[in-house]
Structure formats: C-alpha cells, structure tokens
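Engineer:
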Amino acid sequence: MSTRLNTRHQKDSRRLNLNQSAETVLRHLEFGDYDTEDFEDGLSQDEDFQNCNLVTKKKSKKKKKKAGGGGGVSNSNKRAAAAYNEDDDIGVFRQQPIRGLSNPGNLCFMNATLQALLSCSPFVELLHQLTQCDIPKDDYPTLSAFASFISKFDSTTLNDGRSFCASMFRPVLEKFTPDVPTGPSGGRPRQEDAQEFLSFLMYEMHEELLKMRGCSSSSQQYVPSELTQIFWGQQKSVVRVEGNPDSADIVQPFLLLHLDIHPENIITMEEALQLFSASETIEGYKTISTGKVQADEVAASRSVKIQELPPILMLHMMRFGYGCNGTTKLNKTVSYPLQLVLGDDLLADPTLDQGRHYELVATITHRGQGPSRGHYIADVKQSDGRWVRCDDASITTVGTNQVLGEEAYVLFYKQL
Numbered sequence: 001m002s003t004r005l006n007t008r009h010q011k012d013s014r015r016l017n018l019n020q021s022a023e024t025v026l027r028h029l030e031f032g033d034y035d036t037e038d039f040e041d042g043l044s045q046d047e048d049f050q051n052c053n054l055v056t057k058k059k060s061k062k063k064k065k066k067a068g069g070g071g072g073v074s075n076s077n078k079r080a081a082a083a084y085n086e087d088d089d090i091g092v093f094r095q096q097p098i099r100g101l102s103n104p105g106n107l108c109f110m111n112a113t114l115q116a117l118l119s120c121s122p123f124v125e126l127l128h129q130l131t132q133c134d135i136p137k138d139d140y141p142t143l144s145a146f147a148s149f150i151s152k153f154d155s156t157t158l159n160d161g162r163s164f165c166a167s168m169f170r171p172v173l174e175k176f177t178p179d180v181p182t183g184p185s186g187g188r189p190r191q192e193d194a195q196e197f198l199s200f201l202m203y204e205m206h207e208e209l210l211k212m213r214g215c216s217s218s219s220q221q222y223v224p225s226e227l228t229q230i231f232w233g234q235q236k237s238v239v240r241v242e243g244n245p246d247s248a249d250i251v252q253p254f255l256l257l258h259l260d261i262h263p264e265n266i267i268t269m270e271e272a273l274q275l276f277s278a279s280e281t282i283e284g285y286k287t288i289s290t291g292k293v294q295a296d297e298v299a300a301s302r303s304v305k306i307q308e309l310p311p312i313l314m315l316h317m318m319r320f321g322y323g324c325n326g327t328t329k330l331n332k333t334v335s336y337p338l339q340l341v342l343g344d345d346l347l348a349d350p351t352l353d354q355g356r357h358y359e360l361v362a363t364i365t366h367r368g369q370g371p372s373r374g375h376y377i378a379d380v381k382q383s384d385g386r387w388v389r390c391d392d393a394s395i396t397t398v399g400t401n402q403v404l405g406e407e408a409y410v411l412f413y414k415q416l
C-alpha cells in the first residue's frame, strides 16, 4: 500500500516520498528545501483566516502545575464517558470526554488513528477552534470532518457517551483510497494501513489550513501551518565525502520518524533510534563534474539527525514490508518506554537539553498478519495517569504493563 500512496502523490515533490537508503526505507513527509528560520517565522500566530482566527499556543518555558485528576474511566462505555481534565504546557485546560467509535466494516484503522490523535492536547485545542469557523464542506473536507468529529465530544451532546460512527470522514476516505467502494452503512471491503492514513490525514489537513489562509501550496518553498507547529520537526541529512572536511547538509521537515526494527539486534526503541541516526555508506556517490573533469566515484557516508523537535513526536515502527511477493508483517516485540529521552547521537545539536524529554500518550497497535486485514486498537493515556484501550466501540481501562506489552505500530510522545 505504500506504493499506492506514493503513486497518488508522485506529481508533487512536497508530498510523501520513498527514499531508498543502504539499510532501510525511510518514509517521511517533505516539502522541498527551505531556510530553517521559515519553520519558526513563516507563520504568524494571529494570522487572520477567512472567517476565524486559529492560534497554536507554543510551549511555555515555565512548568505549570497539573490540574487535579479528572473523572474516572470504568469498563462500561457509559461510565467511560466521564470527562477528564486536560491541562498541559502546550494546550489549554479543557474537559475532554471519551467515546467509542463504531465500526460498520474495516474502519478500525481510522478509529484507532482518531482516538490516538485525541490524546494530543494541542491538536484537540486546534480542533475546538475549528468549530468556531465557517468551513465549507466541499472546499475543506478534512477540516470540516474534524470540526464535526470533535463536536461529538461536546459535553452538551455527549448523550451518555454512547459510541458513534465517524461517518463525517467518508469524503476523506474516498480521497485516500478512491478505488475502494464504501457500502451503504459506511463499511469497506478491506482494511487499510493506519500509518499511511495518519500521514495522509495530516497532509490533507495541512494543505487545507494553508488554503484557508489563501496560501499557495504549489511553491517548493516550505510554508508552515498551525498543524506543523504541533507535529512537524526538522531533520538534517548530513553527507560526508572522504578527504573533504566540509559536509553537504539538507534540512527537511518530518512528520513521523520511521524506525527500522527488522535487524535481529533491534529489540528496544532506543536501539531503533540509534540505527535511524547511524552513519551509512552511500554506494556509487560521485563528485560533481566540472568542465572536462569527469565525476569520480568517491567514498561517502550519510547520517540523519534531528534539528528541531516537535511538541508531539510520532514514531512509526516499520512492521510491514512491501515487495514482489506481496506484503509481509514483522511480528516482533520491541520495548518502548513511558518516558523517552532522546540521546545526543540523535540530535544535530548534542548540547540541546531542553525539549528532548517526552512522555508516551498513545499507541496504535495492529493485530494480524497484513495491513489489508487484521485489526487496529489504540491505547490512550488520561490526564490522571490511567490508560484506556479504544477498541472501536469498546472503551476499557488497561494497566501500564498491558500498554507496554503490545507490539505497537505507531507511538505518540508528548514533549515535557
């Protein structure tokens, strides 16, 4: 399915690309080369939209005191509807209820993705701001769907916390996989890849936010949005040539870090992150030819470092392989921590201390053998420290050991 997603966006170099390296395929969202200052300064926080102002709050340097624990979550969906308090350094205080999402057929990939995104408080705050906007559904299907979706969690319309079908995303799904028909009840004949859907969803929302501000998306120059301030970071690709003290650096934005977990010695997330940033040999690297001087093949290496850390860091465990023999899945336990501290070897600036500390707030797990079948669930952390498992319409409490015992596919970490 990665090939299908790449084909859908191949005409735009700012969209999802497959970048082949010596050891692994690193799939990431890129928007072309840009100046690093653009990431911070390219978006005015009080930028005037057509019918509303959307403001993404930056993380305060000052540590705030956590709000008291919210309502409890029990094993019944009705009692699970009790609101919990959400108050962190990035977003603002808000009562966020819990609801299950019904599944009319092969929609668990979407349900798990949406529930995991609801664990990201700055994103939820952005969605609540969207509800104050007049959003034409035909022109902005993704923004309209999210505004309608978050309104279902309003305490005045909660209706005992009963599950509902996220049918407002039907236009988004039809654009995601135009070749897959949707049944009368909203079900679909096959499963999809939750990570691919997450990437598609984020890109479409980013594009529509730019469109709402009247920004052109055709330029190769990177243009940030309210969404990029939440989920996007910057990574620096450093190419070093033997005998040349200078390096060729390319800085690009990333949405997720794609971690290769296939080597047998990779059994922890920290080891996967070390592999991600490890130097690798570039085969067939040639110098630039000038005049009559032919380009020579030289020894060169490349490494990837993180230059800018996002408030919400999303990590993708690359469990699915795509080849001429079809799709395979790696069922392998890779341990991951509740508290993540990014090491010096992963950062472009090892002296950077602030911002490298994260806490786990959600995971998406796939159960089954292939991305076109099987089942997805999401484990989501509550503000009182407890975890709930979102399994379509079912909402249950789970222990930390249960969360850490899953073979997670996508992980969401919030910056401390």
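Residue numbers (the UniProt record's numbering): 1 to 416.
Beta carbons are placed, not taken as given, at the ideal position from N, Cα and C, and that holds for glycine.
Every value quoted in this text rests on a predicted model; they were computed, and no experiment measured them.
(1) If you reduce the DSSP assignment to three classes, tell me which class D260 lands in.
(2) My output table needs one value for Q402: the three-state DSSP class, helix, strand or coil.
(3) Quick one: using the 10 Å Cβ neighbour count with 16 as the cut-off for buried, is Q252 buried or exposed?
(4) What are the boundary residues of the beta strand (DSSP E) that F412 is part of?
(5) Among R367, A112, D353, T182, which residue has its Cα nearest to the Cα of residue 417?
(6) DSSP three-state label for L227, please.
(7) Is the segment 130-148 touching the segment 206-215, taking contact as three or more C-beta pairs under 8 Å?
(8) Quick one: Cα of Y409 to Cα of L259, how far?
(9) Go to A393, then tell me how far its beta strand (DSSP E) extends in each direction, as first and last residue.
(10) Alpha carbon to alpha carbon, how far is V388 from Y358?
(11) For residue 421, which three-state DSSP category applies?
(12) If you draw a straight line from the alpha carbon of T268 to that of K332, how long is it in whole angstroms?
(13) Answer yes if the segment 269-280 comes into contact with the segment 333-340, meaning at least three C-beta pairs across the two stretches below 8 Å, and no otherwise.
(14) For my contact list, S277 and L346 are in at a C-beta cut-off of 8 Å; report their separation, rounded to the angstrom.
(15) If we ignore side chains and look at the alpha-carbon of each, how far apart do L107 and D392 end up?
(16) Compare the beta carbon distance of A166 and M202 with 9 Å and say whether it is the shorter of the two.
(17) Evaluate C120 with the Cβ neighbour count: other Cβ atoms within 10 Å of its Cβ, from every protein chain shown; 16 or more gives buried, anything less gives exposed.
(18) Please state the DSSP three-state secondary structure of K152.
(19) Would a C-beta distance cut-off of 9 Å place P189 and G105 closer than the cut-off?
(20) Does R302 come out as helix, strand or coil in the three-state DSSP assignment?
(21) Name the DSSP beta bridge partners of H375, please?
(22) Could you tell me which residues DSSP puts in a beta bridge with S237?
(23) For T186 and S199, I'd like the C-alpha separation in whole angstroms.
(24) Would you decide whether D193 is buried or exposed? Buried here means 16 or more other CB atoms lie within 10 Å of its CB.
(25) Use the C-beta contact count for K305: other C-beta atoms within 10 angstroms, 16 or more gives buried, fewer gives exposed.
(26) Using C-beta distances below 8 Å, list every residue in its chain close to F197, excluding the 5 sequence neighbours before and after it, in chain order.
(27) May I ask which residues mark the beginning and end of the alpha helix (DSSP H) holding L126?
(28) If we call anything under 9 Å between Cβ atoms a contact, is H366 one with R319?
(29) In terms of residue numbering, what span does the beta strand (DSSP E) encompassing K137 cover?
(30) In the DSSP assignment, find the unbroken alpha helix (DSSP H) run with F109 in it and report its ends.
(31) Let me know the secondary structure DSSP gives L210 once reduced to three states.
(32) Check whether the Cβ atoms of P171 and K137 sit closer than 9 Å, and answer yes or no.
(33) What do you reckon, are the CB atoms on L227 and L126 nearer than 9 Å?
(34) Leaving out five residues before and five after I135 in sequence, what residues of the same chain have Cβ atoms less than 7 Å from its Cβ?
(35) Is it the case that the Cβ atoms of V403 and D379 are separated by a distance below 9 Å?
(36) Report the three-state DSSP secondary structure of E242 (helix, strand or coil).
Structural biologist: The relevant details are as follows:
(1) Here the question's residue 260 lines up with position 260 in the sequence shown. In the structure shown, D260 sits in a strand (DSSP, three-state: E or B).
(2) For the purposes of this step, residue 402 is taken as residue 402 along the sequence shown, with counting starting at 1. Assignment of Q402 by DSSP, reduced to helix, strand and coil, places it in the helix class.
(3) Taking the first residue of the sequence shown as position 1, residue 252 is located at position 252. A residue is called buried when at least 16 other Cβ atoms come within 10 angstroms of its Cβ; Q252 meets this threshold and is buried.
(4) Along the sequence shown, read from residue 1 onward, the residue named residue 412 stands at position 412. Going by DSSP, F412 is part of the beta strand (DSSP E) stretching over 408-415.
(5) Absent from the model: residue 417. The displayed extent of the chain is 1 to 416, so no value can be given.
(6) Locating residue 227 in the sequence shown gives position 227, where the first residue counts as 1. Residue state, collapsed to three classes: coil.
(7) The answer is yes - the segment 206-215 touches the segment 130-148, with three or more Cβ pairs under 8 Å.
(8) As a first step, residue 409 must be located in the sequence shown, where it is residue number 409. As a first step, residue 259 must be located in the sequence shown, where it is residue number 259. Taking the straight line joining both Cα atoms gives about 10 Å.
(9) Reading the sequence shown from its first residue, position 393 is the one you call residue 393. It is not in any beta strand (DSSP E) - A393 carries neither H nor E in the DSSP assignment.
(10) In the sequence shown, the residue the question calls residue 388 occupies position 388. In the sequence shown, the residue the question calls residue 358 occupies position 358. The alpha-carbon atoms of V388 and Y358 are separated by roughly 20 Å.
(11) There is no way to answer for residue 421, as the model of the chain reaches only from 1 to 416.
(12) The residue labelled residue 268 in the question sits at position 268 within the sequence shown. The residue labelled residue 332 in the question sits at position 332 within the sequence shown. A straight line joining the alpha-carbon of T268 with that of K332 spans about 11 Å.
(13) Flag = yes, the segment 333-340 and the segment 269-280 touch.
(14) What you label residue 277 is simply residue 277 of the sequence shown in a count that begins at 1. What you label residue 346 is simply residue 346 of the sequence shown in a count that begins at 1. Going by Cβ atoms, the distance from S277 to L346 rounds to 5 Å, so yes, they are a contact pair.
(15) Your numbering for residue 107 matches position 107 in the sequence shown. Your numbering for residue 392 matches position 392 in the sequence shown. Each residue's alpha carbon lies about 9 Å from the other.
(16) Within the sequence shown, the letter at position 166 stands for residue 166. Within the sequence shown, the letter at position 202 stands for residue 202. No.
(17) Taking the sequence shown and counting its residues from 1, the one referred to as residue 120 is at position 120. Buried: at least 16 other Cβ atoms inside 10 Å.
(18) As a working mapping, residue 152 is identified with position 152 in the sequence shown. Coil at K152, not helix or strand.
(19) Locating residue 189 in the sequence shown gives position 189, where the first residue counts as 1. Locating residue 105 in the sequence shown gives position 105, where the first residue counts as 1. Closer than 9 Å, so yes.
(20) Position 302 of the sequence shown holds residue 302. In the structure shown, R302 sits in a strand (DSSP, three-state: E or B).
(21) For this step, residue 375 is matched to residue 375 along the sequence shown. Per DSSP, R367.
(22) Translated into the one-based positions of the sequence shown, residue 237 becomes position 237. Note: S237 is bridge-paired with I250, V304 in the DSSP secondary-structure output.
(23) Here residue 186 refers to the residue found at position 186 of the sequence shown. Here residue 199 refers to the residue found at position 199 of the sequence shown. Looking at the sequence itself, residue 186 is Gly, so the reference to Thr does not match. Computed Cα separation, rounded: 22 Å.
(24) As a first step, residue 193 is located in the sequence shown; it is residue number 193 there, counting from the start. Buried, because 16 or more other Cβ atoms sit within 10 Å of the Cβ of D193.
(25) In the sequence shown, the residue the question calls residue 305 occupies position 305. Buried.
(26) For this step, residue 197 is matched to residue 197 along the sequence shown. Leaving aside the five residues that flank F197 on each side, the residues in its chain whose CB is nearer than 8 Å to its CB run, in chain order, F109, M110, T113, F176.
(27) Position 126 of the sequence shown, counted from the start, is the residue given in the question as residue 126. For L126, the enclosing alpha helix (DSSP H) stretches over residues 121-130.
(28) As a position in the sequence shown, residue 366 is number 366, starting the count at 1. As a position in the sequence shown, residue 319 is number 319, starting the count at 1. H366 is a Cβ neighbour of R319, given a cutoff of 9 Å.
(29) Position 137 of the sequence shown, counting from 1, holds the residue named residue 137. Note, K137: premise wrong, no beta strand (DSSP E); not H, not E.
(30) The count along the sequence shown starts at 1 and reaches residue 109 at position 109. It spans 108-117 - the alpha helix (DSSP H) in which F109 sits, taken as one unbroken run.
(31) Position 210 of the sequence shown holds residue 210. DSSP places L210 in helix when its eight states are reduced to three.
(32) Along the sequence shown, read from residue 1 onward, the residue named residue 171 stands at position 171. Along the sequence shown, read from residue 1 onward, the residue named residue 137 stands at position 137. In contact: P171 and K137 (Cβ atoms closer than 9 Å).
(33) Residue numbering aside, residue 227 sits at position 227 when the sequence shown is read from its first letter. Residue numbering aside, residue 126 sits at position 126 when the sequence shown is read from its first letter. Contact: yes.
(34) Here residue 135 is taken as the residue at index 135 of the sequence shown, counted from 1. In chain order, L143, S144, A147 place their CB closer than 7 Å to the CB of I135, counting only its own chain and leaving out the 5 sequence neighbours on each side.
(35) Counted from its first residue, the sequence shown places residue 403 at position 403. Counted from its first residue, the sequence shown places residue 379 at position 379. Result yes, Cβ atoms of V403 and D379 sit closer than 9 Å.
(36) Residue 242 sits at position 242 when you count from the first residue of the sequence shown. E242: coil per DSSP, three-state reduction.
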